[in-house]
Amino acid sequence: MTKTAAPLDTDIAVLGAGPGGYTAAFRAADLGKKVVLIDSGPRLGGVCLNVGCIPSKALLHTARAITDAAAIPGVRFSAPTIDLDAVRAGKDGIVNRLCHGLAGLARQRGVTVVNGVGRFTAPSALQVQSPQGTTEVRFAHAIIACGSAPVRLPGLPYDDPRIMDSTGALELRDVPRRLLIVGGGIIGLEMAAIYHALGSKITVVERLPQLLPGADPDLVQVLARSVATRYEGVHVGTELRFVAAAADGLHVTLAGPGGSTAQVFDRLLVAVGRRPNGALIDAQKAGVRVDPRGFIAVDAQMRTNVPTIFAIGDVVGEPMLAHKATHEARVAAEVICGHAVRFDARTIPAVAYTDPEIAWMGLTEEQARRRGTRYEAAVFPWQASGRALASGAAHGLTKVLFDPGTRRLLGAGIVGTSAGDLIAEAVLALELDAELGDLALAVHAHPTFAETLAMAAELAQGTITDLIAPRSRHAKR
Ligand code: NAD
């Protein structure tokens, strides 16, 4: 039997407890506000912590260890024995530990957590429903952080458990013999790396002409070449046309540049993007406008069209990334607390934790061309990096884009080991409006992967000694 709890009155109601929601709640509580944090899941952390960034990184760590061990020169290991239950338990243990930590942080800050599905009933009230009952939350301010959900391709037999989204794939129920991944974006390629290392034969189909369509082609090509030799099939410009579930497998038709092919797979992962959850919260009852796709428009202070209601994270627009949400969260919480702040990040880095990793920030070459921004690019090949050669990572590249007039950094892209960590230096450089000379003259430890960013800057400056610099630049400096 369900019951109605006593209404909760609060300064701030935060709807959604992913990285955006819990950061907003914690920051507001630290600034002295009474906060209620609402989430439909049983635990804090949202998609990122429970069924996204963190479990995928745990499994990618396992995958990387398997792949790296097989590639050490002069060392032969026997084929790995995979105890899938233990791999799954390891991943779940990491997630549990972080969830437990978050619950503790909420408790210590006096944040009230309400589990259940929250929907607006008025401009200053939400109703939260759970199997245990209904709770009304009355608020002075609200922060909507309700996130996004996987896009579903129409016409697929979703009641068949062999068709998965990213959540299903991360459950790691088993290792299918042949796995078809629809969507060559970040999720598709990260899951491909995991299942390939565990023993699946992988086929990836991507509708557009390139994997990871947001990244520059020269970076993506390094990954594309690597997976082409390892996976059973990588088909760009290709769409899934038909799926029939049969006892012997999922019979699919793939339509690509060479025509249509029929194949049978044991499992299918759909990773074709995410859509915002804005349409699921009865925002109209609070007067908050939601566009037809489910996005909620906000100003630079993360305020919706209703001055007391804010929105952050995936629901306010691309890129749908946890690190964007957490920064927007601080802005929303601080604005409500009277601080004169706004969201003005110059770049939000993107990282695909693939093998090799790809990371980019600022302008890509494609964006610079589209916007008509004058730029030059310098690409440092990791073949000239001792550290990369010593680490079996000579295929990597580090690229800088810069303004040829001011020589200020405009963008950077890296493909190779730890690209996701290395990009942080470029982000800081862009935020500080660094010139290439700043990057080139800052002493980087040798031998490191981090040096490659300085080398790319030296290449652009014509001062590089580890390579022959292009003659025209060399002559000038
Ligand atoms: P995505 O947009 O990155 O990639 C989806 C891909 O599917 C695109 O390349 C698209 O062209 C392709 N596609 C769309 N329809 C298709 C079709 N019918 N057939 C074949 N291909 C099709 O989306 P995603 O990989 O699902 O990830 C969702 C969101 O989650 C993204 O915003 C992503 O940035 C985020 N995410 C980030 C990380 C990370 O930061 N490492 C990890 C996972 C997810």
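Take any residue in the sequence shown, note its place counting from 1, add 1259, and you have its number in our numbering.
Here a beta-carbon is modelled for each residue, glycine too, at the ideal position from N, C-alpha and C.
Keep in mind that this is a model prediction, so the values were computed, not measured.
Taking C-beta to C-beta, are residue i and residue j nearer than 8 angstroms?
{"i": "residue 1682", "j": "residue 1618", "result": "yes"}
{"i": "residue 1464", "j": "residue 1412", "result": "no"}
{"i": "residue 1513", "j": "residue 1502", "result": "no"}
{"i": "residue 1685", "j": "residue 1712", "result": "yes"}
{"i": "residue 1326", "j": "residue 1614", "result": "yes"}
{"i": "residue 1660", "j": "residue 1695", "result": "no"}
{"i": "residue 1641", "j": "residue 1649", "result": "no"}
{"i": "residue 1612", "j": "residue 1679", "result": "yes"}
{"i": "residue 1274", "j": "residue 1478", "result": "no"}
{"i": "residue 1483", "j": "residue 1283", "result": "no"}
{"i": "residue 1698", "j": "residue 1688", "result": "yes"}
{"i": "residue 1605", "j": "residue 1690", "result": "yes"}
{"i": "residue 1380", "j": "residue 1387", "result": "no"}
{"i": "residue 1311", "j": "residue 1425", "result": "yes"}
Whose C-alpha, out of the options, is nearest the C-alpha of residue i?
{"i": "residue 1586", "options": "1561, 1610, 1553 and 1305", "result": "1561"}
{"i": "residue 1737", "options": "1639, 1280 and 1470", "result": "What is shown of the chain runs 1260 to 1736, which leaves residue 1737 out entirely."}
{"i": "residue 1528", "options": "1469, 1262, 1441 and 1604", "result": "1441"}
{"i": "residue 1564", "options": "1577, 1652, 1548 and 1427", "result": "1548"}
{"i": "residue 1389", "options": "1415, 1263, 1667 and 1568", "result": "1263"}
{"i": "residue 1740", "options": "1387, 1524, 1417 and 1474", "result": "There is no way to answer for residue 1740, as the model of the chain reaches only from 1260 to 1736."}
{"i": "residue 1559", "options": "1589, 1651 and 1722", "result": "1589"}
{"i": "residue 1704", "options": "1646, 1665 and 1454", "result": "1646"}
{"i": "residue 1430", "options": "1354, 1543 and 1485", "result": "1354"}
{"i": "residue 1352", "options": "1656, 1454, 1314 and 1725", "result": "1314"}
{"i": "residue 1670", "options": "1518, 1521, 1557 and 1622", "result": "1622"}
{"i": "residue 1414", "options": "1319, 1486, 1504 and 1427", "result": "1504"}
{"i": "residue 1285", "options": "1362, 1318, 1317 and 1544", "result": "1362"}
In this structure, how does DSSP classify residue i when only helix, strand and coil are distinguished?
{"i": "residue 1733", "result": "The pLDDT assigned to residue 1733 is 44, lower than 50, so where the model puts this residue is not dependable, and the model offers no usable value."}
{"i": "residue 1534", "result": "strand"}
{"i": "residue 1435", "result": "coil"}
{"i": "residue 1562", "result": "strand"}
{"i": "residue 1296", "result": "strand"}
{"i": "residue 1494", "result": "strand"}
{"i": "residue 1448", "result": "helix"}
{"i": "residue 1555", "result": "coil"}
{"i": "residue 1286", "result": "helix"}
{"i": "residue 1469", "result": "coil"}
{"i": "residue 1675", "result": "coil"}
{"i": "residue 1413", "result": "coil"}
{"i": "residue 1485", "result": "helix"}
{"i": "residue 1598", "result": "coil"}
{"i": "residue 1502", "result": "strand"}
{"i": "residue 1580", "result": "coil"}
{"i": "residue 1573", "result": "helix"}
{"i": "residue 1453", "result": "helix"}
{"i": "residue 1279", "result": "helix"}
Original post:
Within the chosen definition, does the region 1260 to 1277 reach the region 1397 to 1404 through at least 3 CB pairs nearer than 8 angstroms?
Top reply: yes
**OP:** Tell me the start and end of each unbroken beta strand (DSSP E) in the region 1308 to 1392 that is at least 3 residues and wholly inside, in chain order.
**Re:** 1371 to 1374, 1376 to 1381 and 1384 to 1389
Original post:
Should the region 1487 to 1495 be regarded as contacting the region 1450 to 1465, the criterion being three or more beta carbon pairs within less than 8 angstroms?
Top reply: yes
Original post:
Three or more C-beta pairs closer than 8 angstroms, one from the region 1300 to 1314 and one from the region 1336 to 1344: is that the case here?
Top reply: no
Original post:
In the region 1600 to 1646, which residue ranges form an unbroken alpha helix (DSSP H) of at least 4 residues, counting only runs that do not cross its ends?
Top reply: 1624 to 1630
**OP:** Please list the segments of the beta strand (DSSP E) lying wholly inside the region 1652 to 1735, counting only runs of 3 or more residues, in order along the chain.
**Re:** 1656 to 1661 and 1668 to 1674
Original post:
Three or more C-beta pairs closer than 8 angstroms, one from the region 1358 to 1375 and one from the region 1289 to 1300: is that the case here?
Top reply: yes
Subject >> Sufficient close CB pairs (3 or more, under 8 angstroms) joining the region 1403 to 1410 to the region 1571 to 1582 >> reply: yes
Original post:
Are at least three pairs of beta-carbons, each pair with one atom in the region 1442 to 1451 and one in the region 1464 to 1482, less than 8 angstroms apart?
Top reply: yes
**OP:** Please determine if the region 1417 to 1436 and the region 1280 to 1290 are in contact, where contact requires at least 3 C-beta pairs separated by less than 8 angstroms.
**Re:** no
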